[in-house]
Ligand SMILES: [Zn+2]
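Numbering (the working numbering), first residue to last: 9 to 688.
Given below as structure tokens:
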């Protein structure tokens, strides 16, 4: 809940004319990285090690990172580009026009870098929020305080924002989701030693933050108990992250008076007015049971405990933007303990990340001007088109799907909207007042803007030009309600993508990411949304049953994989991502095959055929290393499998891989025919 929870729609979450022109100019194209391959490993036994083992051996995970690969390294080097942009903007901001993009990002970054001022302000930076909480004297005051904190995107105990109406996807409605302090509801209940230890550490962390905010030790320890008690009660009424994968489980559209019946002691009319949202709009309550628990807490928890709980939410949200002791305590628990990061990133890098998070489209605009060429965009768009075509052809040949469902699937495919690089329309930040006087005030300004910017969408037709990730982000997503696949410029870097790379390298690198995002339109969640983005069953019952049994094959395959400490992957949790990877690699491979038709066969590279290059590129682009001690939290909370299994899981099912490397039946990378999973 510490992140800016806006736009609550679930983000599930990679032979063209420019290539021809490059070939025509005889420019040498980059291929796969031969030196990263571990030739001691057998590709038919452990392809993860073979494709990228030498790179991983030579590039240990930096202490400030949990995962590491060439892609992660590319993401970190993007931050160096952004660093250059921001240092320059900050140095010259006083001479740049007010309200200009340079002034905005320069002053925000400059204030963030002013550690001396931030340290001198200490907890006083939070006076406005803490005084608001201390002034609560009645339930009406409490409600007003919750609304005021929500204006700053301090979303407790629930998060609020816009979402597309799952039953009328052209329209945006209001949405409320549950929120907790620890990463997942099971953290509050699991009975194993590690979970007990985590709760103990959380209590100590909450208490330490209250001490930093001025409480004495005994009061701080008591405050931590209050926070734990309230959060545990709210967690008890929350869905698990596997349950949350079912869109029907969070589909509860109501009128305001119905929501009012769930929580009679919370004045929703006032709340909507405070956030400038028309109370007549439709409202989806993700988790009605959570709201009933909220009601119980309103009735049974004293105002003094509520004040403690809200104070904690402010401290939790603000800590990374406060003075050094807060930053260190936040890092010690949330990063060092929970995520097992060894070292904090340097201040400049954290300030770059905060600028990206808070003013992403201002910074993103500067970033693409510097880095992303029209040729790169065109080549990427061509690949997306070809991979969509590959799925089109694939659907036509599926033997397990009826013509009736095929028709609907093709209809859905034809309305896919790919977005590449950067938004066509950038956000207008002219209402955001950034100064060099107080970094926390700047953060609040940016957060208020984000809340307003999101709230103004509610009750209106959907705006298809908006993006759910910032331009420099090294990631991609599928949004089922918009039926769109989105690839920010930040992921379109080697080893994923290079405008000067071979088709084998690009189709094997970003290709499976494109195929993966497309496949999300047809995974366990995406299959429940139709071509218009409506939450609706469009499968015949027999086809859907077959689809589920094919999904079960993937669940069983991944549940069989173990990570450090003997923990198993949770096949149900990683199902969507794993169907995405399986479909993604296959579709990218089909598109790559098609791209070679009618042209001279591309040359081998260091003895590797084009087909082998394709698979090596997949292994290199996807082959992250994750700290062994971080695998536990990853496996418990992340819907992706750890990278080793992301690389080898799909390949073991693909006869195309077996053929490319002449692997034999019985090899570890070849699943027995009767156990092979195929969905798309
Ligand atoms: Zn995904």
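Ideal Cβ placement from N, Cα and C applies to all residues, glycine included. Nothing here was measured: the structure is a model prediction, and the numbers come from that model.
Whole alpha helix (DSSP H) elements within the segment 60–107, 4-residue minimum: With a minimum length of 4 residues, the continuous alpha helix (DSSP H) runs that stay inside the segment 60–107 are 78–99.
Residue 299 beta carbon less than 8 angstroms from that of residue 318: Their beta carbons are not under 8 angstroms apart, which means residue 318 does not touch residue 299 by this criterion.
Start and end residues, beta strand (DSSP E) containing residue 273: The continuous stretches of beta strand (DSSP E) do not include residue 273, and DSSP gives it neither H nor E.
Continuous beta strand (DSSP E) stretch holding residue 485: start and end: Annotation: the continuous beta strand (DSSP E) that includes residue 485 extends over 485–487.
The segment 401–410 touching the segment 544–553, judged by at least three CB pairs closer than 8 angstroms: Flag = yes, the segment 401–410 and the segment 544–553 touch.
Which of helix, strand or coil DSSP assigns to residue 544: It is coil, neither helix nor strand.
Spatially closest choice to residue 152 from 290, 213, 60 and 314, by CA coordinates: It is 314 whose Cα lies nearest to the Cα of residue 152.
Check: residue 476 C-beta below 7 angstroms from any heavy atom of ligand 1: Not a single heavy atom of ligand 1 lies less than 7 angstroms from the C-beta of residue 476.
Spatial neighbours of residue 676 in its chain, beta-carbon cut-off 6 angstroms, leaving aside the 5 residues before and after: Apart from the 5 residues on each side of it in sequence, residue 676 sits with its Cβ closer than 6 angstroms to the Cβ of 53 in its chain, given in chain order.
Helix, strand or coil at residue 559 according to DSSP, with G and I counted as helix: If DSSP states are grouped into helix, strand and coil, residue 559 belongs with the helices.
Residues that residue 492 bridges to, as DSSP identifies them: In DSSP, residue 492 forms a bridge with 425 and 487.
Status (buried if at least 16 other CB within 10 Å, exposed otherwise) for residue 724: There is no way to answer for residue 724, as the model of the chain reaches only from 9 to 688.
Proximity to residue 125 [Cα-Cα], best of 446, 577 and 511: The option with the nearest alpha carbon to residue 125 is 446.
Local conformation of residue 117 per DSSP, three classes: In the structure shown, residue 117 sits in a helix (DSSP, three-state: H, G or I).
Cβ-Cβ distance between residue 83 and residue 98 below 8 angstroms: Result no, Cβ atoms of residue 83 and residue 98 do not sit closer than 8 angstroms.
Residue 559 beta carbon near ligand 1 (any heavy atom closer than 7 angstroms): It does not: the Cβ of residue 559 is nowhere closer than 7 angstroms to a heavy atom of ligand 1.
Residue 88 to residue 497 span [Cα, whole Å]: Cα to Cα, the separation comes out at about 15 angstroms.
Member of 439, 374, 468 and 650 whose CA lies at the smallest distance from the CA of residue 631: Nearest neighbour of residue 631 by Cα position, chosen from 439, 374, 468 and 650, turns out to be 650.
Contact test: residue 693 Cβ vs ligand 1 heavy atom, cutoff 7 angstroms: Residue 693 is absent from the model: the chain starts at 9 and stops at 688.
Where residue 527 falls: helix, strand or coil (DSSP): Residue 527: helix per DSSP, three-state reduction.
Which of helix, strand or coil DSSP assigns to residue 262: If DSSP states are grouped into helix, strand and coil, residue 262 belongs with the strands.
Between the CA atoms of residue 421 and residue 474 - distance to the nearest angstrom: Taking the straight line from one Cα to the other gives about 21 angstroms.
Cβ separation of residue 470 and residue 180, assumed to be a contact under 8 angstroms, to the nearest whole Å: Correct: roughly 6 angstroms between the Cβ atoms.
Buried/exposed call for residue 109, threshold 16 Cβ in 10 Å: Around the beta carbon of residue 109, a 10 Å sphere encloses 16 or more other beta carbons of the protein chains shown; the residue is thus reported as buried.
Contained beta strand (DSSP E) runs [length at least 3] in the segment 570–647, N- to C-terminal order: With a minimum length of 3 residues, no continuous beta strand (DSSP E) run stays inside the segment 570–647.
N-terminal and C-terminal residue of the alpha helix (DSSP H) that residue 305 is part of: Element bounds for residue 305: 296–308.
Member of 614, 593, 629 and 648 whose CA lies at the smallest distance from the CA of residue 663: Nearest to residue 663 by C-alpha distance, out of 614, 593, 629 and 648, is 593.
Secondary structure of residue 6, DSSP reduced to three states: As displayed, the chain neither begins before 9 nor continues past 688, which places residue 6 out of reach and without an answer.
Distance cut-off 7 angstroms: residue 577 Cβ against heavy atoms of ligand 1: Checking every heavy atom of ligand 1 against the Cβ of residue 577, none is found closer than 7 angstroms.
Segment contact flag, the segment 633–648 with the segment 573–591, C-beta cutoff 8 angstroms, min 3 pairs: A contact exists between the segment 633–648 and the segment 573–591.
Contact test: residue 523 Cβ vs ligand 1 heavy atom, cutoff 7 angstroms: For ligand 1, not one heavy atom lies less than 7 angstroms from the Cβ of residue 523.
Anticipated Cβ contact below 8 angstroms, residue 217 with residue 137, distance rounded: Actually they do not touch by this definition, with Cβ atoms about 14 angstroms apart.
Cβ-Cβ distance between residue 535 and residue 74 below 8 angstroms: Taking 8 angstroms as the cut-off, the beta carbon of residue 535 is found no closer than this to the beta carbon of residue 74.
Residue 185, enclosing alpha helix (DSSP H) - first and last residue: In the DSSP annotation of this structure, residue 185 is not part of any alpha helix (DSSP H); the continuous beta strand (DSSP E) holding it starts and ends at 176–186.
For residue 674, three-class secondary structure by DSSP: The answer is coil: DSSP assigns residue 674 none of H, G, I, E or B.
Beta-carbon proximity list for residue 282, same chain, < 6 angstroms, skipping 5 on both sides: Around residue 282: 155.
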